[in-house]
Amino acid sequence: MKARDNPFTADRVLRERYRLHDTSWDQLLARLAAFRYRAAIVGPEGTGKTTLLEDLAPRLAARGLRVQTCRAPAIPTDLTGVDVLLVDSAEILSWMRWWHLRRRTRGLIITAHRPGRLPTLHHCGTNAGLLAELLSAFIPTLPAPQRTALAAELHTAHAGNIRAALRDCYDRWAGSPDGLTAPASLSPCAGVARRDTG
Amino acid sequence: MSALQIELTGNLTAYPPGAEITGRVAWQLPTAPPAIELRLFWFTRGKGTTDAGVIETIRFDYPRPADHRDFRVRLPAAPYSFSGKLISLIWALELVSLPDNQTARAEFTVSPTGQEILLEGAR
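As they're listed, the protein sequences go chains P and V.
So the first sequence is numbered by this note's numbering: it starts at 111 and just counts up by one.
So the second sequence is numbered by this note's numbering: it starts at 83 and just counts up by one.
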């Protein structure tokens with residue numbers, strides 16, 4: 111399959127936004143306000159922390175807050191007029207830089223793999239059901255039983271890392287002759303063969 | 083008619099490198115936008131991060147809410163349109179109303195043969 115026809119291209123994956131399941135945006139924002147806009151989005155790699163952080167920014171701005179986003183270690187030097195700084199991957203900051211950042215900011219929302227630096231606002235987790243739901247958005251023509259089986263296989267294979275699972279899908283679909291036919295690697299037999307020869 | 087529209091002369095879908103592209107753009111918007119831009123550009127799509135290059139921009143300042151303009155742009159000698167399993171390079175014209183970024187896009191092939199170049203594995 112040509113890259114342009116692959117349903118799992120990077121730009122398509124990036125268009126997918128965070129799906130809140132166990133709470134609502136209003137609840138999340140109320141919780142954030144209760145934390146005085148100093149909180150952490152926590153979760154393992156590939157579970158949507160950055161996407162959730164990105165999705166928070168316009169919602170905070172809609173509430174009249176002046177928001178700036180950045181990715182550690184590139185922290186802006188001038189934070190004048192910033193009500194809430196959103197920092198992706200804050201845990202890579204040294205203890206000293208983190209200490210300074212905490213002192214320089216009013217609102218501070220970070221993403222981190224582990225809890226501890228700030229109160230946890232939301233824990234990002236994934237399951238095979240969520241992946242199956244995502245797959246239905248990318249490949250609506252794939253029959254539900256195949257999609258469910260694929261989601262279960264990928265979720266296990268990538269230890270819940272949705273980003274890695276979708277990249278895996280890209281590779282599988284790249285081997286498909288067209289955008290309509292599911293790749294041969296979706297057949298359960300192909301999966302067994304891969305494991306046997308791996 | 084949709085809000086923004088691009089018509090290529092002769093409804094062509096492929097051009098040789100260096101060719102001139104002519105056509106007409108039209109728009110029908112509820113209010114007059116500050117500006118409308120027509121952009122000639124290429125972009126990549128595939129497994130990795132998207133790359134893009136804008137070749138030419140034609141700006142229509144203070145247009146009426148509903149109007150049309152003829153345009154003429156020239157393609158550079160490269161890059162050609164191509165596709166592999168990991169990356170495709172796609173050429174397009176995009177009409178954008180500012181500042182709300184409503185868009186219409188017309189994709190086409192740029193190649194000496196009229197067909198996009200297929201890399202090994204994408205055939």
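All residues carry an ideal CB built from backbone N, CA and C; glycine is no exception.
Nothing here was measured: the structure is a model prediction, and the numbers come from that model.
Where do the N-terminal and C-terminal ends of the alpha helix (DSSP H) with residue i fall, by residue?
| i | result |
| --- | --- |
| T266 (chain P) | 254–267 |
| D281 (chain P) | 272–284 |
| E243 (chain P) | 238–248 |
Tell me where the beta strand (DSSP E) around residue i begins and ends.
| i | result |
| --- | --- |
| R106 (chain V) | 102–110 |
Let me make sure I understand the geometry here. Which of the options has the alpha-carbon closest to that of residue i?
| i | options | result |
| --- | --- | --- |
| D193 (chain P) | P:A184, P:R148, P:A269 | P:R148 |
| G92 (chain V) | V:G105, V:P161, V:G166 | V:G105 |
| S170 (chain V) | V:L200, V:P194, V:E138 | V:L200 |
| W208 (chain P) | P:G191, P:T190, P:S246, P:L228 | P:L228 |
| K167 (chain V) | P:K112, P:R282, P:P186 | P:K112 |
| Q110 (chain V) | V:P98, V:A148, V:L120, V:I172 | V:A148 |
| G239 (chain P) | P:H233, P:G226, P:R224, P:P255 | P:P255 |
| S246 (chain P) | P:T236, P:G235, P:L260 | P:L260 |
Could you check whether residue j and residue i sit closer than 8 Å to each other, using their CB atoms as the reference points?
| i | j | result |
| --- | --- | --- |
| L180 (chain V) | A186 (chain V) | no |
| D198 (chain P) | T221 (chain P) | yes |
| G135 (chain V) | A120 (chain P) | no |
| A262 (chain P) | H268 (chain P) | no |
| L122 (chain V) | L175 (chain V) | yes |
| V192 (chain V) | H150 (chain V) | no |
| T258 (chain P) | A284 (chain P) | no |
| T132 (chain V) | F142 (chain V) | no |
| D165 (chain P) | R127 (chain P) | yes |
| I88 (chain V) | V155 (chain V) | no |
| F164 (chain V) | Y97 (chain V) | no |
| L86 (chain V) | Q184 (chain V) | yes |
My guess is that residue i and residue j are in contact by the Cβ rule of under 8 Å, so how many angstroms apart are they, rounded?
| i | j | result |
| --- | --- | --- |
| P145 (chain V) | P112 (chain V) | No, P145 (chain V) and P112 (chain V) are not in contact; Cβ-Cβ is about 13 Å, not under 8 Å. |
| L231 (chain P) | L138 (chain P) | 7 Å |
| G174 (chain P) | I272 (chain P) | No, G174 (chain P) and I272 (chain P) are not in contact; Cβ-Cβ is about 33 Å, not under 8 Å. |
| I202 (chain P) | P183 (chain P) | 6 Å |
| R114 (chain P) | I172 (chain V) | 6 Å |
Quick one: is residue i buried, meaning 16 or more other Cβ sit within 10 Å of its Cβ, or exposed?
| i | result |
| --- | --- |
| I151 (chain P) | buried |
| S134 (chain P) | exposed |
| L124 (chain P) | exposed |
| S204 (chain P) | exposed |
| G217 (chain P) | buried |
| I185 (chain P) | buried |
| H265 (chain P) | buried |
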